[in-house]
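This note's numbering puts the first residue of the sequence shown at 1091, with every later residue one more than the last. Ideal Cβ positions, reconstructed from N, Cα and C, are used throughout, including at glycine. Bear in mind that the values here come from a model prediction, so they are computed numbers and not experimental data.
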Amino acid sequence: MPFSRYDLSSVVPELHRRTWSAKWAAHPDALAALNGAGAVFLFRKLLLLDAKPERFVIHISADQRYRLFINGNSVGFGPARGDLMHWRYETIDIAPYLTPGENILAARVHFLAGENAPVAQATSGFPAFLVQGNTESEAGANTPDGWRVAVDGAYSFTMEHAHRLQAYAVVGPSEIFDATRHPCNWNGNDFDDSGWVEAKMLKQAAPFGTENAETHWWLVPRTVPLMEETWRGLGTMRSQVSDPPDAQPIREKRWGKDVITFPANSTITLLFDHGANTCGFPKLRVSGGAGSTITLGYAEALLETDITPGAFAKGNRDEIEGKRLLGYMDTWKPDGAEEPQTLDTLWWRTFRYAELTVTTADAPLTLSQPPSVFYTGYPWERKALFEVPDMPELSRIREVGWQTLRLCSHETFMDCPYYEQLQYAGDTRIQALASLYETGDPRLFKNALMQFDDSRASFGLTMSRHPSRVPQVITPFSLWWVCMVHDYLRHVPDSTAFVRSLLPGVRSVLEWFTDRLGDDGLLGPLSDWNFVDWCDEWRMGVPPGALEGGGSIITLQFVLALQAAAELFASDVHTADGYAQLAQKTRAAVRERCLDGDTMLVADTPGKTSFSQHGNLLAILAGMGETEAETRLLMARTLDTPTLTQATFYFRFYLGRALMASGAGDEYLDHLQPWRDMLALGLTTWAEKPEPTRSDCHAWSSSPNYEFFAGVLGINPGGNGWETTQITPHLGALTVAHGSVPIPGDGDGTVAVSYTRDGDTLRARVWLPETGAGSTGTIAWRGESRDLSPGEQTVVF
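Shown next, in the form of structure tokens:
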């Protein structure tokens, strides 16, 4: 049977190969309802059952997004983001929510159009909804038969608040919800849907590769689990402003819950501090308040002043005096009913600070429970351990990095949850490795590799980000994708077949770059955006030599990708040798033309008028140093020469890697000042770049969550698929360190270490798995190496 990248085990074989009996369903006037801005469609179906089933499996999807309800209970949301040729569907067993007799299947489908459409959200342009029963016994759930639909006129959308940010903010609009136009309890069993219309059949539903399928969406199974949804309070109230000044919310206990009543004819603004950045669906439970308006604004940090484009004056993130909130803001208009109603949002929000403003008319409004948020994100299970009693601040750095990783992990990795929610290859390489070490879960990593491969254009390169409805190429990010494929092969057991499916894409990327090598052996002029790092000296992050040709930095990235490819194609000796030889030849060209004999530093171009840490770090990683002494000198000069263009948070991942590769790994803990500075500024997730920064949550800055394990504790795979374990600690000034790393995959294998250092003596206790991946290996320290066997052992150097 041919290899499939997708897990089809929960789908009956008949649905793998042919068009489905279900059809995509839509409202008959769906396009008109959008009005160029967006709309929300409510779908319902009555399902009659003689008895409660043990299993009732459905496959479900929508364009663009759905939230599924069974008998009024929220079951989940989706589909996981993909593209039209790889459109995800979820497989869900809804039996736990079903009862004998009448059952209501319901879905809220929202579709954002025009400028409201999130850049990360692919779409066919047609609002649609799909349910397919897994077998004949579940076929009663199929769309469109028996499904009824209505447009929810309560919703409208605005990008006004995003525009006020004067930044690249493309996650979608703020929402305005008018409860007086909303069909209350629409997803419940007692609702009368006789005024709704029958859902219209739109298109065939067909899996990827089906013969002669007339469809907009080529269906593939979801490749990541359903997202976590966990209740949390909105935060601690930090301030209150009232108009008139003597208007006060009344707080009391009812039914064991804290209830807040806002008096009539007043405007009261409450600022909540969640204590740390978070992602989630806000929830308000309200009653009364006819004619009132509620707004909830969200920000990662408060601003000290009005902002101008690109200038974010935030100061210490813990401080609120003299600051204001500027950001996304949702609006609700309650219907005034005394029966409490839940107000929520279609999409999740990111914030540390949330500003709740209630403006009442002639009737008071009551919050029948404190404002809350349902945290959402990828359901990581953290398994790694890192304990360093000598430097407790390292634990704080790790915790903030972990929170950053969590908030940037959803149905895909994303660069930042507040502004873009886009999966970029350069960011993802760092996120994938850090999360793999923390959790051992490779599924989001695998999903990212597939999606970048899916994004490849006919000319050979991957898109810089995917999924995305707006194409963008960041040329060197395709090279980082090649390195990511190699990372996956090294770290994840039983990954050979999957990686093999990516090799045509690897070859395609490398051919594109090979065709652009100049007569001097360096890459010539490169098209598109050649972003490398957000350095102040480089316009739009593009280094010298990228546009005009002859640049060392991206040429050295090409060398690293060639070296990775030589290992990826190891079973094809001819191809592997070709890549290895080209890597050697290209590296030699950089050395010949860009290495400055006086400083022994690699220049950005053969003109040797500009130098950066970036080119020199990549030169070290590419093995340009001809001796160990030369490599150590290159590393020392890179760190000690202040006139070099400095690596910012993103590229300090490669600084950490170069320290380890050059034999200077014991210095790594001395280079964490940027993270210490962020802690001093009160950041609770890591920023995108040094101050002033747009985003306060960018997981490309979470590289310590990788380096603490791979570098400091020194735990690494010793062969493809973590065949063996290679341990090389770099403790710096630490005298005691303990930790463990889960071996990626479905097993429970763990590598654990406990180090005690006394002067020049290191005592290492090591635990390897008893069998399987990583159960043998080596440990090395200061030039000595010892073999390791399964189980527990103690080694003294």
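Judged by pairs of C-beta atoms under 8 Å, the stretch 1617-1629 does not touch the stretch 1845-1852, as fewer than three such pairs exist. The beta carbon of G1746 sits closer than 7 Å to the beta carbons of Y1758, S1793, E1797 and G1801 from its chain, once the five residues preceding and following it are set aside; these are given in chain order. Counting only runs of 4 or more residues that sit fully inside the stretch 1442-1526, the alpha helix (DSSP H) segments are 1482-1497, in chain order.
Taken atom to atom, the span from the alpha-carbon of E1657 to that of A1666 is near 7 Å.
Pairing F1476 with R1488 gives a Cβ-Cβ distance under 7 Å. In the same chain as Q1647, and ignoring 5 residues on each side of it, the C-beta atoms closer than 7 Å to its own belong to P1566, L1569 and L1708, in chain order. If the five residues before and after P1561 are omitted, its C-beta is found closer than 8 Å to the C-beta atoms of A1547 and M1553, all from its own chain and listed in chain order.
Our two residues, N1355 and N1406, have alpha carbons roughly 36 Å apart in a direct line. In the three-state scheme derived from DSSP, where H, G and I count as helix and E and B as strand, V1596 is classed as helix.
With a minimum length of 3 residues, there is no unbroken run of beta strand (DSSP E) contained wholly in the stretch 1601-1642. Counting C-beta pairs with one atom in each stretch, the stretch 1767-1786 and the stretch 1717-1730 have fewer than three that are closer than 8 Å, which means they do not touch.
A1389 sits close to G1417, with the two beta carbons spaced by under 7 Å.
Of all C-beta pairs linking the stretch 1461-1479 to the stretch 1523-1536, three or more are shorter than 8 Å, placing the two stretches in contact. Per DSSP, R1677 lies in no beta strand (DSSP E) segment; the continuous alpha helix (DSSP H) that holds it begins and ends at V1663 to C1684. S1329 sits exposed, since fewer than 16 C-beta atoms from the chains shown fall within 10 Å of its C-beta.
In this structure, the alpha-carbon of H1364 lies about 45 Å from that of T1884.
Take E1192, set aside five residues on each side of it, and the residues of its chain with a beta-carbon closer than 7 Å to its own are L1136, L1138 and N1279, in chain order.
Ranked by how close their Cα comes to the Cα of G1323, the residues V1692, V1463 and V1101 have V1463 in first place.
Your pair L1174 and S1111 does not check out as a contact, with CB atoms roughly 22 Å apart and the cut at 8 Å.
R1238: not part of any alpha helix (DSSP H); member of the beta strand (DSSP E) spanning R1238 to V1241, first to last residue.
For Y1179, the enclosing beta strand (DSSP E) has its first and last residue at W1177 to D1183. The DSSP assignment places 1113-1116 as complete runs of the beta strand (DSSP E) inside the stretch 1106-1134, in order along the chain (cut-off: 3 residues). Distance from the Cα of F1267 is smallest, within the candidate group W1437, T1357 and D1694, for W1437. Judged by DSSP secondary structure, R1722 falls within the alpha helix (DSSP H) whose first and last residues are E1718 to D1730.
In the pairwise beta carbon analysis, the stretch 1167-1183 is classified as not touching the stretch 1118-1126: fewer than three pairs are separated by under 8 Å.
Ranked by Cα distance from M1327, the first of E1319, L1316 and P1339 is P1339.
Each of T1305, T1868, G1204 and R1108 was checked against the Cα of V1260, and the nearest Cα belongs to G1204. The beta-bridge partner set that DSSP reports for R1533 is empty. Nearest to S1879 by C-alpha distance, out of T1814, V1831 and M1630, is T1814. Going by beta carbons, T1494 and C1787 fall inside the 7 Å limit. If you draw a straight line from the Cα of G1715 to the Cα of E1860, it comes to about 39 Å. Distance from the CA atom of P1557 to the CA atom of D1153, rounded to whole angstroms, is 14 Å.
Distances from the alpha-carbon of E1445 to those of L1392, T1313, T1851 and N1275 put L1392 closest. In the structure shown, the three-state DSSP call for I1644 is helix. A direct Cα-Cα distance of roughly 17 Å separates E1627 from R1742. Here the alpha carbon of V1575 sits roughly 49 Å from the alpha carbon of P1190.
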